[in-house]
Amino acid sequence: MTAPHGFSVSRYAPERGTLAKLAARDSVLRRLDWPILLSALALSGIGSLLVWSATRGRTELNNGDPYYFLFRHVLNTGIGLALMIGTIWLGHRTLRGAVPILYGLSIVLILAVLTPLGATINGAHAWIVVGGGFSLQPSEFVKITIILVVAMLLAAKVDAGDQLHPDHRTVAKALALAALPMGIVMLMPDLGSVMVMAVIVLGVLLASGASNRWVLGLIGAGILGAVLVTALGMLDEYQINRFAAFANPDLDPAGVGYNTNQARIAIGSGGLLGAGLFKGSQTTGQFVPEQQTDFVFTVAGEELGFVGAGLILVLLGVILWRSCRIARETTELYGTIVTAGIIAWFAFQSFENIGMTLGIMPVAGLPLPFVSYGGSSMFAVWVAIGLLQSIRVQRPMTA
């Protein structure tokens, strides 16, 4: 049989073959976790609007361009998507072999922050300015490195069939490798990132099947560490003031308690449906500091109301729920531990960020995943999504 214009049917076969491969049950596209991907995309899209609303009138920040932060947030999301695709293409098993290199690179980067290359932004000496208006926060990528290095050690003998659970010596090595970058980040000091890393380590230990004595010991060490850090004066004055304001919300409402008080006013004024995008008086009046980054949830509360803010919580919940399914369905301990670390990271950081705007958590300078403005944080969370998708894609097919 001959196709129109003299072309044979075979000329069209490759196109049909490509489409058939994409639609096949074992194709990468079919095996992706689409609820996670679409929820993350929706959060980044909502974040673009919220960041735009918070910055379009801030001429001292946007250099007179109301679209400055919107463009950069969309660009960061695009780069994050590219990193996710690259992570899926490489695969979490390939990255497992590269963990020693990634760990060494992370140590170099966070040490560089403590050199003249480091820069202080919003009170934290945790950045490296790379030029062109861009800066890098290495501690965001250290979260991923800690997950991968601890998972590699704890799962090695178990996945090889030599052990049922990680032994005490293996757990001690894993904790020592996690403690090194955490200690360097604490020297910056970036207390918020250290808190997230500690929760990540706790999450991966619970998922690995390690002895409960290690979990209890880690909690005890965390409490002791917090006491020692405070007693030795390792915290900056602004960090101490943040905890003081959390303990006593009425303490210096025009000073250390200003951020939290204005955040609660903004969220409380939104009501059920909000004032409407770009119409929030607290946002347009620029009463809430750092509203495009740490306090972006206040824009949602004021302008989108309970419904809009609730939608953000639902989308974050979908990511966590589907991630739990991936952790449960994977057949290798390494994949389970990596997924558990990402779940602990996303859950705690989201709770801390939203909680500090509501006054139920201390201000810790942590961005809201996918929503807050910031290149390093956006890149890191999309790499994490790539790891989740890789673990799902590479799991054995069921009959």
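Take our numbering: the last position of the sequence shown gets the number 408, and nothing is skipped along the way. Cβ atoms here follow ideal geometry from the backbone N, Cα and C, with glycine treated the same way. None of the values given here were measured: they were computed from a predicted structure.
Point to revise | Selection from 391, 400, 396 that minimises the alpha carbon distance to residue 90 | key: 391
Exercise for review: State buried or exposed for residue 401, treating a residue as buried only when at least 16 other CB atoms are found within 10 Å of its CB.
Suggested key: buried
Practice item. Please confirm if the segment 378-394 is in contact with the segment 144-152, defined as three or more CB-CB distances below 8 Å between the two stretches. Key: yes
Practice item. Would you identify the three-state DSSP class for residue 18, choosing helix, strand or coil? Key: Only weak support is given to the placement of residue 18: the predicted model assigns it a pLDDT of 42, under 50, and the value that follows is read from those uncertain coordinates. Helix at residue 18.
Practice item. Have a look at residue 317 and residue 200 and give me their C-alpha separation to the nearest angstrom. Key: 30 Å
Check your understanding: If you draw a straight line from the C-alpha of residue 322 to the C-alpha of residue 138, how long is it?
Key -> 33 Å
Review point. Among 118, 294, 270, 184, which residue has its Cα nearest to the Cα of residue 231?
Key: 184
Point to revise | Sequence-distant residues of its chain with Cβ nearer than 6 Å to residue 108 (five each side left out) | key: 157, 158, 161
Review point. By a C-beta neighbour count over all protein chains shown, 10 Å radius and 16 as the cutoff for buried, is residue 22 buried or exposed?
Key: In this prediction, residue 22 scores a pLDDT of 44, lower than 50, which makes its location untrustworthy; no coordinate-derived value is stated.
Exercise for review: Count the C-beta pairs between the segment 343-363 and the segment 202-219 that are closer than 8 Å, then say yes if the count reaches three, no if not.
Suggested key: yes
Practice item. Note the first and the last residue of the continuous beta strand (DSSP E) segment covering residue 157. Key: First-last for residue 157: 147-168, but that is the alpha helix (DSSP H), not the beta strand (DSSP E).
Review point. Can you check whether the CB of residue 342 is closer than 7 Å to the CB of residue 167?
Key: yes
**Study point:** Spatial distance of residue 278 from residue 286 (CA atoms)
**Key:** 14 Å
Review point. What residues are listed by DSSP as bridge partners for residue 136?
Key: 128
**Study point:** When 329, 332, 291 are compared against residue 313, the one with the closest alpha-carbon
**Key:** 291
Review point. Is the segment 297-315 in contact with the segment 38-47, if contact means three or more CB pairs nearer than 8 Å?
Key: no
**Study point:** Boundaries of the alpha helix (DSSP H) in which residue 325 is found, first to last residue
**Key:** 314-338
Exercise for review: Determine the DSSP secondary structure at residue 419, reduced to helix, strand or coil.
Suggested key: With the chain running from 10 to 408 in the structure shown, residue 419 is simply not present.
Practice item. Count the other C-beta atoms from every protein chain shown that fall within 10 angstroms of the C-beta of residue 372, then say buried if there are 16 or more, exposed otherwise. Key: buried
Review point. Quick one: what does DSSP say residue 290 is sitting in, helix, strand or coil?
Key: helix
Exercise for review: Just confirm the distance between the C-beta atoms of residue 346 and residue 397, as a whole number of angstroms; I'd bet it's less than 8 Å.
Suggested key: Contact flag wrong, Cβ pair sits at about 13 Å.
**Study point:** For residue 144, the residue or residues it bridges with in DSSP
**Key:** 138
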